[in-house]
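Since the structure comes first, as structure tokens, the remarks are kept for the end.
What follows is the structure, encoded as structure tokens:
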């Protein structure tokens, strides 16, 4: 006993047992299939990079949370804390190898030493997708459409994607004479739902004055249809502008695709991050809006500016997989099973393990995942094990497993069908379903 | 210029551009499909663990290579350097939640600060699969069968899996009176192909004496059929034993499944790692044996012994994905494409981007991944872009994209078919293939 090491994991980190991991993978596979159907391609980058690359100009919160250390060669390295900064470095480094517009996705883990008390994890998965090298609103719209359709494809139901245009907001602030406070005002507005209306008003008044705080609040709280809100904020920002025209174009694309119901114009959406310059958006599940945005992003003018001279503009979005999983779980929409195999083959005699594998091979060739039980036990015990493992069927081989007829037990209704060839059993299994899609 | 950060990555780390990443993912997806078809289920564990957990009793090489540091909370942490140690910790921690035998796979990245001069990477992917909690040779055989069939399923061709039994080897050493030197002898034999026969003889003579070195060499160089070699080493180890019977049982399973040609008995296979106690094996591609073993493993008596009282025996194997990819590349067997989308939709008028997306949606609903071009350009330029992106077809929409007939350009033979409905175009695309499986 004395020499045991206590098995434990770090706070904020998680093991995934098979049911949870099967559900996660199923979800990621459906998200990927959606990205791929739009012609997006995957990339990957290292988990570990030079700290200088990841921190860029440095930034308060990030610097505190990043896992940073010196490696064997004395290099100052760190674990990536998002997928955007590595992507910017990737673009600068591989520009010559890519043809623009470049549509990529990247699904991978990132690490942040965050305070775990708020239910945050220190290791979590991001699903980023971006279109780089297009200055067209068609690119923004494609990202918005992918967001909407991906959530439908994974069974998350309808979403509301709340969009805004940072450029239009800045035009309004300029009109108001407070453009130089833009960054602070955007950050304050971004926290509106967290801190509440009156506190926001106070913070805005501190930044500007009471009248202007009132005008900013009126701007971000504009109500009505998409078009009505657009008219209101266009007026407030000094009339028609390239930014208001951009939003009108997006609106037309929404109508043309019959997806207008999924989108709302929300002038209070600003996204805290500095690098967005155009359209920004957040996504809420209609069945569970309170969990917050499950997918956010926006348009940027110059993503790789820190590492390269060439301006690379684009638009992108990121799904927070862990929040999405939490949401699907609480909606009862996260499907999982204990196993991918719907069929198990019972072990009647230890010595016949090879023949059971040969029989299982027939089912596998017929496209039926099939687990072989490895140890001779009472059949009732094997029934229980098969049920526990989530199988739907148990095959009980005959004396000569490959040639004698077999018994097929339906673990759902606990009925046996005897005297079947493996082909007949396979046909029953395939016909009745219970397949994992 | 002065403020740029040079975009670069750490030595031994890699970016994966889309063609490479599409190939990797395709390979991993096929490996996973194979594991799943045997009823294996996935798990995941954290990239970062307590260093104490990962290092266990400590070990020379490992300790030097591991990425280890103190986190924000002053904890002594490290990046995992394999998937076996975290799995042992996982088993000890979650034993109560698992039903045995537990068949799991884990495909994930690991990190080692290795010397990169030998073409090694510091970040690489392992594909581990194990059966825990079975003391039956049927479990060993299932792992061996999965190895053989997975390499066939991914198009790597035929393999030779060279197997041996450590227990039988030890019985032979005991018979020879040098059992106490077992670990050193096993390690020396493990390096036979690296250092050559005569140097191995010398090293063995240093460990024992010249006569015994000769006998050990004769043992590990036994020739003949599986059965003949088994007879030879059974004799040399003092006659029939549970270990020789175990190998005979495995042989019968091979014959019963018609897979005997894929396996060879090779008494020189020992695997360097201490924790193996039974059967051990290495896998060589018949078309490229010189690249070395692409999948190795063995049986262990007590995997989680460092963390738990309960003995957990099992058998497992690990595919080194990077070596496998290098092998498939040099055999011309690694399939990749520039994109998942075989169809692109040309942009004839910027203002119709929404309608192009609506048209693309029809193809996607018909199961055809479809990229929409985002910017109005000369059609010849769009032909070139589509070819560059690896698309097979370009759809040129009519004036009213959803209702007017369209033109379908075959980018292979550069011929156009005009006047098609989208249904007719989809039928041509589906019928002619070029699908990515």
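Residue numbers (this note's numbering), protein chains in the order written: chain A, 56 to 492; chain B, 56 to 492. Virtual Cβ for every residue (Gly too), placed ideally from N, Cα, C.
Per the C-alpha coordinates, the member of B:167, B:293 and B:239 positioned closest to residue 175 (chain B) is B:167.
Listed along the chain, the chain A residues whose CB falls inside 8 Å of the CB of residue 189 (chain B) are 429 and 430. Taking a beta-carbon distance threshold of 8 Å, residue 357 (chain B) does not count as an interface residue toward chain A. The beta-carbon of residue 69 (chain A) is placed less than 8 Å from the nearest beta-carbon of chain B. Counting C-beta pairs closer than 8 Å gives three or more between the segment 180-189 of chain A and the segment 131-147 of chain A, which meets the contact rule. Taking a beta-carbon distance threshold of 8 Å, residue 413 (chain A) counts as an interface residue toward chain B.
In the DSSP assignment, residue 228 (chain B) falls within the alpha helix (DSSP H) that extends over 221-231.
Note: residue 412 (chain A) is not bridge-paired with any residue in the DSSP secondary-structure output.
Relative to residue 431 (chain B), the option among A:327, A:193, A:432 and A:315 whose CA is nearest is A:193. By the neighbour-count definition (other C-beta atoms within 10 Å, threshold 16), residue 399 (chain B) is a buried residue. The secondary-structure analysis by DSSP pairs residue 166 (chain B) across a beta bridge with B:178. Going by DSSP, residue 348 (chain B) is part of no alpha helix (DSSP H) at all; its letter is neither H nor E.
Here the segment 435-453 of chain B lies against the segment 466-481 of chain B, with 3 or more beta-carbon pairs under 8 Å apart.
The segment 387-394 of chain A and the segment 64-78 of chain A touch, with no fewer than 3 CB-CB distances between them shorter than 8 Å. Residues of the same chain with a CB within less than 6 Å of the CB of residue 319 (chain A), apart from the 5 flanking positions on each side, are 215 and 217 in chain order. Comparing alpha-carbon positions, the option among A:359, A:67, A:316 and A:361 lying closest to residue 171 (chain A) turns out to be A:67.
Using a CB distance cut-off of 8 Å, residue 484 (chain A) does not count as an interface residue toward chain B.
As DSSP reads the structure, residue 472 (chain A) sits in a beta bridge with A:463. Collapsing the DSSP output to three states places residue 217 (chain A) in a strand. For residue 201 (chain A), the enclosing alpha helix (DSSP H) starts and ends at 192-208.
Between residue 471 (chain A) and residue 463 (chain A) the beta-carbon gap is near 7 Å, inside 8 Å, which marks them as a contact. The Cβ atoms of residue 196 (chain B) and residue 322 (chain B) do not sit closer than 8 Å to each other. Contact between residue 337 (chain A) and residue 351 (chain A) is confirmed by a C-beta separation of about 5 Å, below the 8 Å threshold. Bounds of any beta strand (DSSP E) do not take in residue 188 (chain A), whose DSSP letter is neither H nor E.
With contacts defined as CB atoms closer than 8 Å, residue 62 (chain B) and residue 363 (chain A) qualify as a contacting pair.
Put simply, the backbone Cα of residue 205 (chain A) is about 11 Å away from that of residue 93 (chain A). Contiguous beta strand (DSSP E) elements confined to the segment 350-392 of chain A occur at 350-355 and 369-375, taking only those with 3 or more residues. If you look at residue 338 (chain A), you'll find it in the beta strand (DSSP E) that goes 331-340. Residue-level contact by beta carbon fails for residue 85 (chain B) and chain A, as no gap is shorter than 8 Å.
Annotated three-state conformation of residue 484 (chain A) is helix, per DSSP.
For residue 65 (chain B), the chain A residues whose C-beta falls within less than 8 Å of its own C-beta are 101, 103, 104, 105, 126, 130 and 132, listed in chain order.
For residue 149 (chain B), the secondary structure class from DSSP, reduced to helix, strand or coil, is helix. In this structure, residue 159 (chain B) lies near residue 73 (chain A), with their beta-carbon atoms less than 8 Å apart. Between residue 447 (chain B) and chain A, the shortest Cβ-Cβ separation is not below 8 Å. Sequence-distant partners of residue 70 (chain B) (beyond 5 residues in either direction) whose C-beta falls short of 7 Å from its own C-beta, in its chain, are 64. Among the residues facing chain B, residue 166 (chain A) is included, as its CB has a counterpart in that chain under 8 Å away.
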